[in-house]
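Protein chains: 2
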Amino acid sequence: MLSSDSSDLIRQLKERGARRVALQFPEGLKRKAAGYVTALMAAGFEVIISGDPCYGACDLALGTLADADVLVHVGHTPVDDRPEVIFLPYTVGFDMSVLDAALPLLQGRHTGLVTTVQHVHLIPDMEKYLRSKGIDVQVAEGRGRTPLRGQVLGCCFTTARETKADQILFVGTGVFHPVGIALSTGSPVIALDPLAGTAQVVSGDTLLRRRSAVIEKARGAKSVGIIVSTKSGQRRMDLARRLASLSPVAVIVTMQEVSPDELLNLGFACYVNTACPRLAYDDQIRFPVPVLSPQEFEILCGTRSWDKYEVDEIP
Amino acid sequence: MLSSDSSDLIRQLKERGARRVALQFPEGLKRKAAGYVTALMAAGFEVIISGDPCYGACDLALGTLADADVLVHVGHTPVDDRPEVIFLPYTVGFDMSVLDAALPLLQGRHTGLVTTVQHVHLIPDMEKYLRSKGIDVQVAEGRGRTPLRGQVLGCCFTTARETKADQILFVGTGVFHPVGIALSTGSPVIALDPLAGTAQVVSGDTLLRRRSAVIEKARGAKSVGIIVSTKSGQRRMDLARRLASLSPVAVIVTMQEVSPDELLNLGFACYVNTACPRLAYDDQIRFPVPVLSPQEFEILCGTRSWDKYEVDEIP
Chain A
10 MLSSDSSDLI
20 RQLKERGARR
30 VALQFPEGLK
40 RKAAGYVTAL
50 MAAGFEVIIS
60 GDPCYGACDL
70 ALGTLADADV
80 LVHVGHTPVD
90 DRPEVIFLPY
100 TVGFDMSVLD
110 AALPLLQGRH
120 TGLVTTVQHV
130 HLIPDMEKYL
140 RSKGIDVQVA
150 EGRGRTPLRG
160 QVLGCCFTTA
170 RETKADQILF
180 VGTGVFHPVG
190 IALSTGSPVI
200 ALDPLAGTAQ
210 VVSGDTLLRR
220 RSAVIEKARG
230 AKSVGIIVST
240 KSGQRRMDLA
250 RRLASLSPVA
260 VIVTMQEVSP
270 DELLNLGFAC
280 YVNTACPRLA
290 YDDQIRFPVP
300 VLSPQEFEIL
310 CGTRSWDKYE
320 VDEIP
Chain B
10 MLSSDSSDLI
20 RQLKERGARR
30 VALQFPEGLK
40 RKAAGYVTAL
50 MAAGFEVIIS
60 GDPCYGACDL
70 ALGTLADADV
80 LVHVGHTPVD
90 DRPEVIFLPY
100 TVGFDMSVLD
110 AALPLLQGRH
120 TGLVTTVQHV
130 HLIPDMEKYL
140 RSKGIDVQVA
150 EGRGRTPLRG
160 QVLGCCFTTA
170 RETKADQILF
180 VGTGVFHPVG
190 IALSTGSPVI
200 ALDPLAGTAQ
210 VVSGDTLLRR
220 RSAVIEKARG
230 AKSVGIIVST
240 KSGQRRMDLA
250 RRLASLSPVA
260 VIVTMQEVSP
270 DELLNLGFAC
280 YVNTACPRLA
290 YDDQIRFPVP
300 VLSPQEFEIL
310 CGTRSWDKYE
320 VDEIP
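Line order of the protein sequences matches chains A and B.
Residue 80 in our numbering sits at position 71 of the first sequence, with consecutive numbering throughout.
Residue 184 in our numbering sits at position 175 of the second sequence, with consecutive numbering throughout.
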């Protein structure tokens, strides 16, 4: 948890000789800002808070560094090399016995184990517990934008693929990660929610059917906006340029926040999303027109076949 | 209007030797982007569009210059010195006879005439027409962020004050500008909507009453967020630091878009807005807690008296 982190943070800040500190929190943790501010100001630091929406370390408030010596980003591990940023972990614990709910579903020979950043400190405990129950567990080392062992992100399932296991156990909340892992690995995925204590088998079939329909809806679009994010870890301009070259009616559109209102105002008949991969998959229902992933746009343009469908990741 | 501007724009771009062009449109004109893109691409330029919300030249998409030689900003005059930006006007015409609706309301000795950027090219015609009706019209030269003669912005009423007239005729839509002018000049304001063809006398009294209530609601707030915009022409960090020094519970919060959701997530009991001045006045009803102007926060902190109330402007 966060509560006891101030003293360690203050030590790190002093080591760096920082005097002016900017703080950034993801949406669910913004309310914790006040406690940090009080502790840091009492210790003599000048503090500013980034008030913009934030959903990951791909979205660093680097602009605050104009007025701060260091940016403290809470809740995520780094996705790129940023010496001017301190990444503060936010961990959520649970009792190992919640894993029992997944045991009847683990029918494969080898089980790859992955989780999200807030539970990743429990990977060794989870391995040990599962082994004690007779499960052959595989965990892949972290790398790239998932630096921790067994860690996955919504845009990066490398540690799931690299287990090479014939089934994956995902420990975390929501279905986006397990669906992405299913599509990325081609293996069955068992999703265990450690807070609810429930487990389910997750497949990518429904997503694939939905995405197929979205691609068909985009066919014949007279104008295509290729969205490029201006966020630090989501900016894929080279990919966007390559995609724009596939269609004479495609234009690159830069955006900080990809919002339904702005897509409507811009008036394109279809968009291709090179920002956070989850936007196209999760938020289609909020968008006024089809928003395709890069791979889906390639299918639409005929440069990729449907049976080479891949889920979009930022490696 | 915009339609015939492409050829002139292309000439300007060629003169600069630009090859890669970024385009930025305010919300109401974003749909016109497609026409520009087609014309510029046919002329051999590489084009990208800024898709972020935009409400003024205070909000330039300077980030696009990482991928473009020049930024073309449509619809506003510059608020600061930006040699890398081409400002393209957007004009809206009307027939002089619509001014007749204001004539019965012009009872003062001298009438100061002001308007917004889309009508400012008609200032000479308006002067001539009003004089032909026996009105003694005064128009002040432009300066600062209102560079054109007779121009006002929602954050700058200098050209109204400098007429030193005993009443002001504002030509334009909405009531924010005339209310601001009334508070800024202390003179009666006649607001003429040239599209609806209606005129009314506008006073600042209702706004003052509402703002007085908001200040009272903020009294005793246990935490105060001093909002600093990260937009190019709205960033008033020095002002924010001075305001933060007035209260031990005030912290600076940087924001790109000041949205009700983010104010709620951050959880401060009260905010002070140093971004676009209109936000506090226009959008209080959307905000979850009191959002004060800089001057209102000074009143709350006791460093300014209520009878020195001033409307917030960025000169």
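Just so you know, even glycine gets a beta-carbon here, dropped at the ideal spot from N, CA and C.
Source: prediction; values computed, not measured.
Beta-carbon contacts of residue i that lie in its chain and below 7 Å, excluding the five residues immediately before and after
{"i": "A:W315", "result": "I308"}
{"i": "A:M10", "result": "Note that A:M10 scores 42 on pLDDT, short of 50, meaning its location in the model is unreliable; the coordinates nonetheless yield the value given after this. If we look at A:M10 and ignore the five residues flanking it on each side, its Cβ neighbours are T100."}
{"i": "B:Q127", "result": "Y99, T100, V101"}
{"i": "A:G150", "result": "Looking at the sequence shown, residue 150 of chain A is not Gly but Glu. Cβ neighbours of A:E150 beyond the five flanking positions: R158."}
Residue i - DSSP class collapsed to helix/strand/coil
{"i": "A:H119", "result": "coil"}
{"i": "B:A42", "result": "helix"}
{"i": "B:H85", "result": "coil"}
{"i": "B:Y280", "result": "strand"}
{"i": "A:S221", "result": "helix"}
{"i": "A:T172", "result": "coil"}
{"i": "A:V56", "result": "strand"}
{"i": "B:Q147", "result": "strand"}
{"i": "A:F96", "result": "strand"}
{"i": "B:G72", "result": "helix"}
{"i": "B:L248", "result": "helix"}
{"i": "B:Q209", "result": "strand"}
{"i": "A:V188", "result": "helix"}
{"i": "B:D202", "result": "strand"}
{"i": "B:T215", "result": "helix"}
{"i": "A:A110", "result": "helix"}
{"i": "A:C165", "result": "strand"}
{"i": "A:Q304", "result": "helix"}
Under 9 Å by beta carbon: chain A residues contacting residue i
{"i": "B:R228", "result": "Chain A residues near B:R228: none, gap ~19 Å exceeds 9 Å."}
{"i": "B:R40", "result": "N274, L275, G276"}
{"i": "B:V56", "result": "V260, I261"}
{"i": "B:I236", "result": "G60"}
Counted within 10 angstroms of its Cβ, other Cβ atoms place residue i as buried (16 or more) or exposed
{"i": "A:G213", "result": "buried"}
{"i": "A:S196", "result": "buried"}
{"i": "A:R140", "result": "exposed"}
{"i": "B:E319", "result": "exposed"}
{"i": "B:R154", "result": "buried"}
{"i": "A:P324", "result": "exposed"}
{"i": "A:L204", "result": "exposed"}
{"i": "A:A230", "result": "buried"}
{"i": "B:A222", "result": "exposed"}
{"i": "B:A111", "result": "buried"}
{"i": "B:P133", "result": "exposed"}
{"i": "A:T312", "result": "exposed"}
{"i": "B:K23", "result": "exposed"}
{"i": "A:D109", "result": "exposed"}
Interface partners of residue i on chain B, CB under 7 Å
{"i": "A:L302", "result": "The sequence shown places Ser at residue 302 of chain A, not Leu. Going along chain B, no residue has its Cβ under 7 Å from A:S302, so there is no contact; the nearest lies around 18 Å."}
{"i": "A:S332", "result": "Beyond the ends of chain A as shown, which are 10 and 324, falls residue 332 of chain A; an answer cannot be given."}
{"i": "A:T239", "result": "G72"}
Beta-carbon neighbours of residue i, restricted to chain B and to distances below 8 Å
{"i": "A:D202", "result": "Those do not exist, as A:D202 stays about 24 Å from chain B at its closest Cβ, beyond 8 Å."}
{"i": "A:E36", "result": "N274"}
{"i": "A:E319", "result": "Under the 8 Å cutoff, chain B gives no residues; its nearest Cβ is about 26 Å from A:E319."}
{"i": "A:R150", "result": "Here residue 150 of chain A is Glu; the residue named in the question, Arg, does not match the sequence. Chain B residues near A:E150: none, gap ~34 Å exceeds 8 Å."}
8 Å Cβ shell around residue i - same chain, five flanking residues per side excluded
{"i": "A:C310", "result": "L255, S256"}
{"i": "A:L74", "result": "A31, L80, E93"}
{"i": "B:E36", "result": "P62, C63, Y64"}
{"i": "B:R218", "result": "none"}
{"i": "B:P156", "result": "T86, P87"}
{"i": "B:T47", "result": "none"}
Listed by chain order, chain A residues near residue i by CB distance under 7 Å
{"i": "B:Q265", "result": "D61, Q265"}
{"i": "B:D76", "result": "M246"}
{"i": "B:E93", "result": "Under the 7 Å cutoff, chain A gives no residues; its nearest Cβ is about 16 Å from B:E93."}
Chain A contact residues for residue i, given Cβ-Cβ distances below 8 Å
{"i": "B:V46", "result": "V260"}
Any chain E beta carbon closer than 7 Å to residue i
{"i": "B:T73", "result": "In the structure shown, chain E does not exist; the protein chains are A and B."}
Close beta carbons around residue i, own chain, < 6 Å, minus the five adjacent residues each side
{"i": "A:A326", "result": "No answer is possible for residue 326 of chain A: it lies beyond the span of chain A, which begins at 10 and ends at 324."}
{"i": "B:P286", "result": "C164, D321"}
{"i": "A:R174", "result": "The question names Arg, but residue 174 of chain A is Ala in the sequence shown. Around A:A174: H119, T120, G121, Q147."}
{"i": "B:A259", "result": "V233, I235, A253"}
{"i": "B:H130", "result": "T100"}
Residue i Cβ short of 6 Å to the ligand GDP heavy atom set
{"i": "A:A31", "result": "Judged by which ligands are present, the structure shown has none, so any question about the ligand GDP falls away."}
Are three or more beta carbon pairs between the stretch 294-309 of chain A and the stretch 14-23 of chain B nearer than 8 Å? Because the criterion of three Cβ pairs below 8 Å is not met, the stretch 294-309 of chain A and the stretch 14-23 of chain B do not touch.
Between the stretch 27-40 of chain A and the stretch 75-89 of chain A, do at least 3 Cβ pairs fall closer than 8 Å? Short answer: they touch.
Take every Cβ of the stretch 54-67 of chain B, pair it with every Cβ of the stretch 266-273 of chain A, and state whether three or more of those distances are shorter than 8 Å. Using a Cβ-Cβ distance cut-off of 8 Å, the stretch 54-67 of chain B and the stretch 266-273 of chain A are in contact, since at least three pairs of beta carbons, one from each stretch, lie closer than that value.
Could you tell me whether the stretch 272-283 of chain B touches the stretch 218-236 of chain B, where touching means 3 or more Cβ pairs closer than 8 Å? At 8 Å Cβ cutoff, the stretches touch.
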